[in-house]
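Note that the sequence shown covers residues 29 to 279 in the numbering used here.
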Amino acid sequence: MRRTMVAGNWKMYGTRASVAELLSGLGQLALPDSVDVAVIPPSLFINQAIAELHGTSIAVGAQNCAVEANQGALTGEIASSQLVDAGCTLVLVGHSERRQVIGETDEVLCRKFAAAQASGLVPVLCIGETLEQREAGKTLEVVGAQLSSVIAAVGIEAFTSAVVAYEPVWAIGTGLTASPQQAQEVHAAIRSQLAKESAEVARGVRLLYGGSVKAANAVELFGMPDIDGGLIGGASLNADEFGAICRAAGN
Ligand code: 13P
Numbered sequence: 029m030r031r032t033m034v035a036g037n038w039k040m041y042g043t044r045a046s047v048a049e050l051l052s053g054l055g056q057l058a059l060p061d062s063v064d065v066a067v068i069p070p071s072l073f074i075n076q077a078i079a080e081l082h083g084t085s086i087a088v089g090a091q092n093c094a095v096e097a098n099q100g101a102l103t104g105e106i107a108s109s110q111l112v113d114a115g116c117t118l119v120l121v122g123h124s125e126r127r128q129v130i131g132e133t134d135e136v137l138c139r140k141f142a143a144a145q146a147s148g149l150v151p152v153l154c155i156g157e158t159l160e161q162r163e164a165g166k167t168l169e170v171v172g173a174q175l176s177s178v179i180a181a182v183g184i185e186a187f188t189s190a191v192v193a194y195e196p197v198w199a200i201g202t203g204l205t206a207s208p209q210q211a212q213e214v215h216a217a218i219r220s221q222l223a224k225e226s227a228e229v230a231r232g233v234r235l236l237y238g239g240s241v242k243a244a245n246a247v248e249l250f251g252m253p254d255i256d257g258g259l260i261g262g263a264s265l266n267a268d269e270f271g272a273i274c275r276a277a278g279n
């Protein structure tokens, strides 16, 4: 059975004071044992999160890593091995904000995926279509192409220790959530695409949904057969709301 996972992507939010308050709230949450919970702060706050969450069941991840696994002369980047050294266990790869705003290409994010795994981090590969692509009926084609470029680069077996997050771009930070049926349709397509390469890998890989998940819509989304949890943005900045989403995942 796949364990449910809920990860909070804090994006570029937080000050020392607000992060201290959020971490203190997270530390007090009663979380379901059946759910893997993680937070993904800006890199500036990773050490603080690891120190404050020590002794809890909450894992800490990073939002990005370098294309190289090992430390070296690469100004402004953080190597996946450095993230492991700090205590991170996962890293986002290919978030739509990085694809669209930073211009991260499939080639670059495939290298990051491989670097992350070479260091022992679990990459959380983010894929999703824009509104324009959905309205043109191209959702499955776009998401399928994003996934196949990574399968081609790293091989299907790499997905035994990776997570895939389906995040429709039009649902991120907009308050527009994909309906459970819309999300399930894409999740099922992702799983069947993986199954064409390996039925076993496809059965085991966790597929998270991201895009305006809140406590109020989490139960329905997480109830779908191919949705194994969520990647939460805005709602993860509030400890109580995030805790409620984690509990919804535990139901
Ligand atoms: P929101 O939950 O704020 O829509 O963000 C989703 C997201 O991008 C998580 O990575």
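For each residue, glycine too, the CB sits at the ideal point set by N, CA and C. It should be emphasised that the depicted structure is a prediction, and the values quoted were computed from it without experimental measurement.
Asked                                                                                   : Found
Three-state class that DSSP yields for Arg31 in the structure shown                     : coil
Ile273 CB to nearest heavy atom of the ligand 13P below 6 Å                             : no
Meets three-Cβ-pair contact criterion under 8 Å: the region 97–117 and the region 43–60 : no
Ile260 beta carbon near the ligand 13P (any heavy atom closer than 6 Å)                 : yes
Within 7 Å, strictly: CB atoms of Gly115 and Thr84                                      : no
Residues bridged to Asp64 (per DSSP)                                                    : Met33
Whole-angstrom distance between Ala94 and Thr158, CA atom to CA atom                    : 26 Å
CB-CB length for Cys274 against Val67, believed under 8 Å                               : That pair is no contact at about 11 Å.
Secondary structure of Ile260, DSSP reduced to three states                             : strand
Helix, strand or coil at Gly271 [DSSP, three-state]                                     : helix
Inter-residue CB distance, Ala267 and Leu50 (contact presumed, cutoff 8 Å)              : 6 Å
8 Å contact criterion, which Asn37 and Gln110 should meet: CB distance rounded          : Rounded, the Cβ-Cβ distance is 20 Å, inconsistent with contact.
Opposing strand residues paired with Tyr41 [DSSP bridges]                               : DSSP, once it has assigned bridges, lists no residue as partnering Tyr41.
Check: Ile200 C-beta below 6 Å from any heavy atom of the ligand 13P                    : yes
C-beta atoms of Leu235 and Asp256 nearer than 7 Å                                       : yes
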